[in-house]
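With full-length UniProt numbering applied, the sequence shown corresponds to residues 1 to 56, in that order.
Okay, so here's the structure we're looking at.
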Amino acid sequence: MFVHGGFSHILFNMFALFIFGIQVERYMGSREFLLFYFVTGTLAGIFSFIVYFFPA
């Protein structure tokens, strides 16, 4: 979740979070958005681990 492929990758992610995150947080609320952010980040990390270590 906090690992990035390079400087441009982290900059784009920060920009996207700034643009979309503000609107999603307003819709969901701060607490729910924080939970959503960490749950989806954790699930993405688990999925990446599975795909990387168990290729088809």
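Quick reminder that beta carbons are idealized off the backbone N, C-alpha and C, glycines included.
Values in this document were obtained by computation on a predicted structure and should not be read as measured data.
Confirm, please, whether the CB-CB distance from F18 to E25 is below 8 angstroms.
no
Distance between F53 and Y27 (C-alpha atoms, nearest Å)
36 angstroms
What are the complete alpha helix (DSSP H) segments, minimum 4 residues, inside the UniProt domain "Peptidase S54 rhomboid" (1–51)?
7–28
Rounded to whole angstroms, what's the CA-CA distance from residue 82 to P55? Just pull it up for me.
Because the chain spans 1 through 56 in this model, residue 82 falls outside it and cannot be assessed.
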